[in-house]
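Numbering (the working numbering), first residue to last: 688 to 786.
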């Protein structure tokens, strides 16, 4: 059986796992795209992005496109490794309960 310690607590949340999943298949995404993909509020998304940036799993780039500010996010190498490790633990869990 899989031990609870094998799961990553930072990624053990639907929104944070969704952010990491979206960034695994997209090099970068901006705030508006993440909000649309995850169907969440600004405040909720911002809170979860802060958790991921504090853990150094997500890097932030702030720039201007024309005169409009734009914030984009990408998964760091550490974030990629953490995501893949968490995914492997989930897969082991699924396999362990499959009859």
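Here a beta-carbon is modelled for each residue, glycine too, at the ideal position from N, C-alpha and C.
Please read all numbers here as calculations on a predicted model, not as lab measurements.
Query, Result
"Can you tell me whether residue 751 is helix, strand or coil according to DSSP?", "strand"
"Whose CA, out of 716, 725, 715 and 746, lies closest to the CA of residue 703?", "725"
"I want to see whether chain D comes within less than 8 Å of residue 778, judged by CB atoms only; does it?", "The structure shown contains no chain D, having only a single protein chain."
"Considering only their Cβ atoms, is the gap separating residue 769 from residue 712 smaller than 8 Å?", "no"
"Near residue 700, which residues of its chain fall below 6 Å by C-beta distance, leaving aside the five closest residues on each side in sequence?", "none"
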